[in-house]
Structures are given as structure tokens and as C-alpha cells.
Amino acid sequence: MPRPTRLPHSSLLLLASLSLALPATASALDPNTEDPRAIAQAVEDRDDGDRGKAKLTLTLKDSSGRSRTRKLSQRSMKFGGGTKTLMFFEAPADVRNTGLLSVDYDDGKKEDDQWLYLPSLHKSTRISTSDKSGSFMGTDITYADMTKKDPDNYDYKLLEKSVKVGGEECWLIESRPRTDKEKKETGYVKTHVWISKSKLMPVQVKAWVKEGKKLKYIKFSSFEQIDGIWVSRRMAVRTVRGKKVESETLFETNQVRFNQADVTETDFSERRLEKGI
Amino acid sequence: MSEYDPNAAPLSPFFKRWAEIVLAARWPFLLGTLALTAFFAYQGVTKRRIDTSIEAFLATESVAFQQLERLRDDFGRDEIFLLLVEGDVFSQDYLKRLKGLHDELSSIDIEIESLGERKSDRDQPRTRVPAPAKATPVEAEPGGDDEFADFGDDGWGDEAGGTVIDEIISLINARQTRWQGGGLHVGGLLDEWPTDAELPQLRAQVLADRTLLGRVVAPGGRHSAILLRTQLMSEQDSNRVYEEVRRIVSAHDAPGFGIQVAGLPALAADINALMLTDLGRLGAVGLVVMILMMALIFRHPLGVAGPVLVVVQAVLWTLGTMATFDVPMTMITNILPVFVVCVGIGDSVHIQSVYRDAMQRGLDTRAAIVHAVGTTGVPVLFTTLTTAVGLLSFNFALVDAIQDLGTFAALGVALALVHSLVFLPAVLSFNRKSLLGLEPLGAGHTSKRHQGDRFDRFLGLCNHVSRARPGKGAHRPRHFTLATAGAITALSIAGASLLSVYHNPLAWMPESFEIKAAFDAVDEHLSGTADVTLMIETHPGKTLKDRDLLLALEKLEQHLLDYRHPTHGAIVGNVISVLDVVRESHRATHGEKPEAYRVPDTERGVSDMVTLFENAGPDQLKRLATIDLTRSIMTVRLLWLDASSYGPLVEYVQQGIDTHVGGRATVGPTGSALNLLTVVDGLLTDLMRSFGTAFIVITLMMIALLRDLRLGMIAMVPNLLPIAAIMGFMGFVGIPIDLNNILLGSIAIGIAVDDTIHFLHQFRSHHSAHGSVEAAIEHAFAHAGRAMMTTSFILVAGFMVFNAASMYNLQRFGLLVGLTLVLALLVDLLFAPALLRTFFGQTPSNDQRVPGESDAPPHEIAAQ
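Line order of the protein sequences matches chains A and B.
The first sequence: position 272 = 315 (the working numbering), numbered continuously.
The second sequence: position 576 = 958 (the working numbering), numbered continuously.
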């Protein structure tokens, strides 16, 4: 089932996975299709890689231009029901060795799991993601952006059969939550997603945030094919309120690799989390 | 006024020519004026902006204003709607109703054009100091020239939904940081709805929570609050949100669930509504009063229409100019319409009086107009200049709104002069035969007026007061008059030393207004509606994770909570800061033990608590600290007091900062209490600067006009005395200096000096020609006295119009200015002759020519 209102799954924990197994899936979809569900389905069904490793730089910026940068190393691996991701903060020094383990279930009805390891507590703590519209680690994306959703709760509309964004031929799809629960969980009134026809990846997203009448803009760039998988190595998110930019977050990944032999099941345990980098 | 002797005043060639030009092209002048009036009226109606915010009274250069702007850059709107809900708080019925109200308020969705705009953004074109610089260009939005340009954005568009509410806090969602399911959970208090059995426990828990008690719930459990913060927006849009809040509140208000709305946005909206009401009412009453006055004096439709249309157009042009330049109406500048009407009408009354006298003497309409404009052009120009100088002196004040008043009131008075010299002659040219209230000369000479009426008898009495009597003690009356004036001066100085400054926008409101009761109720049951917000900025390389800094802030927090006001006692309700989330997180991760409610023991511990909280409640953290954790706020909630009363607290806060934080961080206070205090801090300085400037410039003008240093200096004494007297009176009866009556001195001296000019000029012209002081004084009384009384009567009646206002500050302002003008007239009539007799010769026997006085006949200035 399609899940077009969320960002490509696990994309925000591992940007390298913002990708599609292009030859297989793209060719399976008629570029002239006018079925938004089929397009979204194709995006979701793409292979976004396995046993991946990457370095992530996360830069948060507020309306006054103040910024904070965090550097993380991350690895991810698929399992039967979804994807596990392990991240460690490398910088700044005061958060070094803080670790984050997340389990992203394919089943949209199942709550994702996240654990945070804080060295001073000497134990892992579970992160509650009950308020999905809340910000993920102070960034411009929310837990809802990373969570799989039930497509039955959404209406889809193909707004543009063909629109060019940065030279990319795209579909423009609108999705609207059907239920109040879904609206509350995502915090969105509606979402517009521009999807590249050639890569079957989102190129940009505009989301209408209910609270505070904000608009959120997401721009994917630096597309690159790594180990045969299309990857966007840069994602910029901007939250705009009225006429003012409220905040921005820049996600940049490098040293992206897939199918790494040293990424194993044992990496994704609380014990490993507590061991640190 | 109508006693003006046309033969005594020379014609100004310039104004004579000017009148001829106007008459030659009366239709173009008339139609051109009316077309421009229509334009300015359109501008005024379509672009008018009203600013009732507290910072409208702040100086844009002030530290408080700059600090406030930085606060808004980082943390959004600082002013909140505060709803107080009375009832049995810890009952199912109350809580369910509260949830209904909370949910409806949080969903307020109205079209807001100005979403996200700061006041300084809107005022940017006219402020002299640019708003605090931003590191990121704010215009870098989608559609701009950056990586987001592809969106080609139409913004929110016509999409329904969304809210304008930035944050809403009540018992329903009050932050609860607790350990749950193996992790830190930051959620709302009533995320899980309590059963009946759990209500007592909920009550105990809430009433023991220092972050909720006084802020969200009252100690007795009979009141709770909803704190509603919208996004930044214009005052007009904020007023629309208030209307919506009121609508929702009225739907939920019920027995056992009584709701009151307080908070600064609500106060500003109510003031805005009152201001609009007052503007309309005062404008209408002012107009009616002036029509009646003109009808009384001129007794002919044209005689009424001319002066009234002159001032109405002056008002429309002034307001239209303000709107064109996006200068808002404020609680200060809203006196402009009535002010321009009652001060500006003097010029046209003057010209029209001379015109009808000339008509009475047999001149035809055109000749009478040329004569009237030619002989009065210079004097009305001069009196307008002195009034304008008094008003323009407000540009030396620090408060923007006062500067605006000075500039645009001066413009209004100048425009009234322009219309008196353009529009009025054109209107009068349509008069064929009417003498505008005068009787034909033959009959008129036998009229009561020329036989000496009660005006003349009163003027004679005034002249008599200080005149020498025959025999022993001849000079006693003069000495007595001077001694009385001296005594009044001494008393005034003593009284003025008791003057205090005061600023409290809430006190402007009529008692019947609900907002007053709402503020009082919030002060009584909760921690108050005012605040001091401390902006904490860490030093380079440091962040809020610096444990030593947090410990210092903890001491500062306790210092603030310990504060006792010298007269008001405990005014600090609670203190909210980033410390709360650090301590809450620490407690939650340490088994919820009360003793763990503290700053962690290690630097890493602090860092981890911040990281943990940021992951569990990042939006909550953003309310308290910037993204880079280098800037944070500590909000101190206070009872609402008048501005001056916050003085001791602000000093105490600074002491606490110096003692406990020292050099660990930069801490700058702002917030509503500071803003109010900043207004009164600048008031006395503004008063001295503007009044001093007006006094010096007007003195120089008087010297230049009278062409006599001594007479020029003497002329200013009668103008100082009434202002000193009114200040003394205010000091003795306890009327403080506030934003409105600070204007009194400069306005009064600018207006009152006109009478003195006329009186002294009549004196000077006669004295230099004939050398007799007594005769010159007699001449001055005869030729200027009645005009002075008429002018003062019109002005006092005009300023009394302010008593029709709903707002107390306007009523008091009108009364005080009116009283000052009455005093100024009395001083001119009683004290000026005594001064002249002292400095120019005491008795008819020693009358002499003034040394250095030229024999040149008086020119330029004639009496009214």
C-alpha cells in the first residue's frame, strides 16, 4: 500500500536510503500514469538499500541565523518487519557517544521504537514518540515524517502529470489526511510531493502545518547513485511562518556505502548502543 | 476679535497680493483644495493604522525596545491572552468544559495577513534606527533566490485549516515530565483523563507543582488559567483574534464556569476599540461645539461654514498624511483631530473677524477679504509659528508616539493656516452683504457692545488691579499683584517638586470595562498579568549546558522569588526557565524522587539531561532556549502595577544578576514591566527637553517679534507662571505626569503665548508712539483684551470636548489644558500689566519712552 504523505521511509535516519532501485521499479511504472496511488506505491516499493553505513552532518538553524551542528555516524539494516538504525553522536564533544537506536516497522499501524543512550545515566532510555507531530531532535522534521502511515487514511490527487523541478521531470501529488486522528498525528493539513519520474524519489515536498499555520518545505538534492542505488545526499528543510523563515535544518550525508559486511544484526542491540562508538 | 481696528494695522504686501491671487482664481483654489481633501480622506480611510501596543510608547532607540525585538526574533510573541476560568477546578464537569474551551481556542483559524510580522517590520520605513540585524535574511523564503526557489510559492494559499495559535497552555496540556515505559515522557497533564477517584490525587499533584501553581492554577483550586500565545501579527489582526477569543468565551461561559479575558493583547484590543469610539465621539462633539461657537460669533451660515470647513480639512489632510506615511494613531496621537480643530480654528476666526469689521466699514467683499488677509497674514503666521514650535519641540522627546504628535499636530496647525489663507477667502468671496453677526455701522455704534459691556467691565477691572492709586501707597496694588504672583510661583515650585510620574494603560479604561475586572482577578488569584523576562546569553564557546551557569541561574531564580516590594509586598508569582526542564528531567531519571529535582552533579549530566529532554520534548525546549543553546529566557510573572512601581523590582533584578550571574553570561531584562517602566523613565526627561526647547525658541521669537530684548523676556514670564501653577496644582492634588499631560507644558506655552503677543504688541506700538505706560496698557486692553478672551473661550471650550472621551487620560488632559489656558489668560490680564508698570514706569508721571525704542510704527503684528 502506498504511503505518500510521509517522507521516504527511514530517510531521515539514514539519508542514504532516500533512494530507489531504479531500473527495476521505475521501468515498472508508466511515466504517463495518472494514478497517484500507483506512483506513491512505486516510491514506497523501491529498494532503498541494506546494510548501509554513512556519516551524517546535521545543521540546525533558527530565525536569527544561529546554528548548531551535530555529526553522527550511522548504520542501518533491514529485518523482517522493517529497518533498524543505529546512530552515534561524534561531535560536539559534550554529546559524544550519545547513541540512538531506532526500529522502523513496515507496518504503519505499529509504533516505532527508539532508545537513547546517555553516558551519564549509564543506561538506555526509551524515547516516547507518542506526539508524532513533535520535532525530531529539535530539527524541522517530525516523528510523523519518519513514520509509516495507513494509506487508507489519506486522499490523493495528481495535481500535475508533468512538472519540471531542477531539470527533473516530476509528478506532483497532493495528499490529505482523511481522519482527525491522522491530522493530529501528522500535524499536516495537506502535503504536496514532487516525485522524480526517472528516479522515483521525492525531489521536493511542501507541507501545510496546522499548528501555527506554518509551511514546511523540503528540498532533496545531490542525487548520486551509490552501489547501484539512487541516493539524495542533501536534504534541506525550511519552516516558514507567515512571511518569515522560522527555522531550517540541513541533513548532509557522506561516505555512504551499502551492503557492508561489517553491518550485522548484533550492531542493533541495546548492549551495542551502550558500548558507544 | 471683532474689536480689531483695521486702520491700526498695515497691509502686508505679500499677503495682500496673495489674497488677490486667491480671489482671481477662487474656483481652481476651491476645487483643488476639495480634490486634495478627498484624496487625503481616502488615504485616511483606507490606510489608517492604529497601534495600541505598549511598545508604541517605547523609544525605538531604547535598550528595552531593542531587547524586546531580540526576544521576539528568538522566542516569538511575548504577549499572551490570559483567560481566567472560575469554578470547581478539580471536578469532571469543570475539566471537561475546560477541555472543550481549550480545544476550540487552539483551533482558532482566521485569515491573518500579517502573520509573523514584527512591529518593527511594519514600522521599518519610518523608524530612524534599524531593527536589530538578523544573521539570516528574513526574505529568504520560498520563491526567493535560493535553493527553495523552485516552489514558486503562493504561501498558505486559500487552504482552509491551520491555526494562528502558537502555544496554548492550560491544565489540559500543562507540561509533565516523567519517567514512563523506560524513558522520559514529556506530555500533557491530562493526556490520560483522570477518573473521579483520581481527582483528589490530581489536585494534590497540581497544587504542589511550582511550575503550575499561580501560573495555570490558583492555590485554592477555584480558578485555572488558559495562556494563549498567537504568532506575531499586526495590532489589527491581533484585535481580530481577540474578537474570536471573546466569541468562543461567550459560548463557553456558564454558571460554575465563569471566564474572564485578560492579558496585554486583550488590553490593547480594548484600548483600540475605545480609541476608535473616542475618535468618532470627540470628532463629532468637537465639530458641534465649534459650529455652535462659530454660529454664536458670526451668526451666518457662511460665517460658520468657512472656519469649520477649514479645520475639518486640516484634520483630514493631517490624518491622510499620517496614513500615507504609515504613521499609526496611538494613544497619544489620537488627540490630534480635536486638537487641530480647536487650535487651528483661531486663524480663520481671526481673518473672518477682520473681514466682517471691514465689511461693516463699508468695504465690498473682495476689498474686505484683501484687507483682512493683508493685515492679518503676518500675525496669524507668527502665532501659528509659535504654536508649531511648541509642538515641534516634542521631536526632542524620546518616545516615538510623542514625536509623532509633535510633528503632525504642528502640520495640522500649519494646514489650518494654509486653509485659512486659501480656502476661507475663496468661501468668503461668495458673501454678498452679510456682516457675519455685526450690525450695520450706523446702528452698531449705538449697540451695547460699544457702550461697554460686561467684557469691557471685566477688562477694566483687570487693568485696575495693579494700577497705582492716588495718594499714599499708590503702588501698593502693583506690589500686591507682584507679591501674589511671587507667592503663587513659590507655591507652584513647592507643588511641582511633589510631581510624580505615572503610566498605567489599564487605568485609562472606564471602571465598567470587563478587562479591568479581569486583570484584577488574575492578579488576585494567579501570579499576575505582567512579567519581567530575562534574556540570558552565554559567552562565546559556552552554552546553557554550562553547569556553573545553571547553578548561578538557580540562585538568581531564588533571589527573584524572595523579592518583596516596599509597598506591594510579594509581587513575583513564579519564575519559569530552562532550569525547570533540566531539573524535571533529572528528577524523572532518578526515580521521581523530590530531592532529585535539581541541577545534575556533573557537566555531562547536564548535557545529557538537555539532550534527553530535547528528544522527548523538543518543542517545549524551543520555548525556553535557542537552537544553539546560547540564548535562553527566564520569565518572571508579576502582579500588574503602575509603571513607576516596578522601579525597585528592576533594581533588585539587576542586583541579583550582578551578584549571582556576574560575568558568567550576559543577562538583559525586558518584558512588559520593563517596557512600562522605560516609558515613565523617559517621561520627565522628555518633558524637560521638549518644554525647554519650546521655551527657548519661543523666547527668541518673542524678542525678534517685539524687537526688544527686555520686552521679549518679560513676555515669557506670564507664560511660565500658568504652566508652573498647573504643575504645582498637579503636584499638590496628586495628579502625576503621564503620557498625555506631559504634553501640557509645550502645548500651553505654544498657544498661550499668542495672547501675550497680542497684548504686548498693542502695548509696544502705543508706548513707542506716545510714551505713556498707562495709556499703552489701556490701549492694549482695549485692542487686544476682548480678542484674548474670545480666543481663550474658544480654546477652553475646544479642550473641554475631551471630557466627552471614555478614557480617563483624555478627560484629564482636556481639563488640565483648559485650566492652564484660563490661568494663562488671567495671568496675561492681571500680571502682565503689573510687570509692564514695573519695568516701563510706575505712574503716569514718570511715563517715558522706552530707551532704545524706535519711532517706527508697528508693523507686521496687529492685535486680534
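Even for Gly, the Cβ is constructed at its ideal location relative to N, Cα and C.
- Against chain B, the CB of glycine 285 of chain A has a partner CB under 8 angstroms away; the residue lies at that interface.
- Judged by beta-carbon spacing, methionine 1109 of chain B lies within the 8 angstroms limit of serine 874 of chain B, meaning their Cβ atoms are closer than that value.
- Where lysine 1004 of chain B is concerned, the enclosing alpha helix (DSSP H) starts and stops at 1000-1004.
- Note: tryptophan 561 of chain B is bridge-paired with B:Leu566 in the DSSP secondary-structure output.
- Not one beta carbon of chain B lies nearer than 8 angstroms to the beta carbon of proline 245 of chain A.
- Listed along chain A are Asp137, Val138, each with a C-beta nearer than 7 angstroms to that of serine 989 of chain B.
- Looking from the CA of asparagine 75 of chain A, the closest CA among A:Asp223, A:Arg219, A:Leu201 belongs to A:Leu201.
- For aspartate 460 of chain B, no Cβ of chain A is located within less than 8 angstroms of the residue's own Cβ.
- Excluding residues up to 5 positions away in sequence, Val847, Ser848, Leu1212, Phe1213, Ala1216 lie with their Cβ nearer than 7 angstroms to the Cβ of threonine 863 of chain B in the same chain.
- Taking a 10 Å sphere around the C-beta of phenylalanine 396 of chain B, we find fewer than 16 other C-beta atoms and assign the residue as exposed.
- Non-local C-beta neighbours of alanine 900 of chain B in its own chain, meaning closer than 7 angstroms and more than five positions away in sequence, comprise Leu466, Gln642, Val643, Ala644, ordered along the chain.
- Chain order gives the chain A residues near glutamine 613 of chain B as Gly255, Arg284, Gly285, where near means a beta carbon separation below 7 angstroms.
- CA-CA distance, glutamate 996 of chain B to methionine 180 of chain A, rounds to 6 angstroms.
- For isoleucine 261 of chain A, the enclosing beta strand (DSSP E) has its first and last residue at 257-269.
- Within its own chain, the residues whose Cβ lies closer than 6 angstroms to the Cβ of lysine 481 of chain B, once the five positions on either side in sequence are excluded, are Ile554, listed in chain order.
- Neighbours of lysine 262 of chain A across chain B, judged by C-beta separation under 8 angstroms: Glu529, Phe530, Asp532.
- Using a CB distance cut-off of 8 angstroms, aspartate 156 of chain A does not count as an interface residue toward chain B.
- Relative to lysine 253 of chain A, the option among B:Leu614, B:Glu541, B:Ala1076 whose CA is nearest is B:Glu541.
- Residue range 617-634 is occupied by the alpha helix (DSSP H) that includes tyrosine 624 of chain B, with no beta strand (DSSP E) assigned at that position.
- Close CB contacts of threonine 706 of chain B within its chain, under the 6 angstroms cut and outside five residues either way in sequence, are with Gln425 (chain order).
- Judged by DSSP in its simplified three-state form, methionine 1083 of chain B adopts helix.
- Boundaries of the alpha helix (DSSP H) around valine 697 of chain B: 683-706.
- Considering only B:Val731, B:Thr700, B:Gly728, the residue with the shortest C-alpha distance to asparagine 716 of chain B is B:Thr700.
- Within the stretch 542-553 of chain B, Ala542, Gly543, Gly544, Thr545, Val546, Ile547, Asp548, Glu549 place their CB atoms closer than 9 angstroms to a CB of chain A, listed in sequence order.
- Among the residues facing chain B, tryptophan 214 of chain A is not included, as its CB has no counterpart in that chain under 8 angstroms away.
- Under the three-state reduction of DSSP output, tyrosine 979 of chain B falls in the coil class, being neither helix nor strand.
- Counting every other CB atom within 10 Å of its CB across the protein chains shown gives leucine 416 of chain B a total below 16, marking it as exposed.
- At a cut-off of 8 angstroms, the C-beta of aspartate 708 of chain B has no neighbouring C-beta in chain A.
- Taking the Cα positions, leucine 646 of chain B is about 13 angstroms away from alanine 438 of chain B.
- Ranking B:Ile608, B:Arg597, B:Leu1192, B:Leu572 by CA distance to the CA of glutamate 549 of chain B puts B:Ile608 first.
- About 7 angstroms separates the CB atoms of phenylalanine 421 of chain B and glycine 702 of chain B; that is less than 8 angstroms, so the two are in contact.
- Neighbourhood of isoleucine 1009 of chain B in chain A, by CB distance below 8 angstroms: Leu103, Lys104, Asp105, Arg109, Ser110, Arg111, Gly181, Ser290, in chain order.
- Contact between the stretch 129-138 of chain A and the stretch 208-221 of chain A is absent: fewer than three C-beta pairs spanning the two stretches fall below 8 angstroms.
- For the pair valine 725 of chain B and glycine 668 of chain B, the CB atoms are not nearer than the 8 angstroms cut-off.
- Using a Cβ-Cβ distance cut-off of 8 angstroms, the stretch 666-683 of chain B and the stretch 776-784 of chain B are not in contact, since fewer than three pairs of beta carbons, one from each stretch, lie closer than that value.
- Counting C-beta pairs with one atom in each stretch, the stretch 1162-1171 of chain B and the stretch 803-823 of chain B have fewer than three that are closer than 8 angstroms, which means they do not touch.
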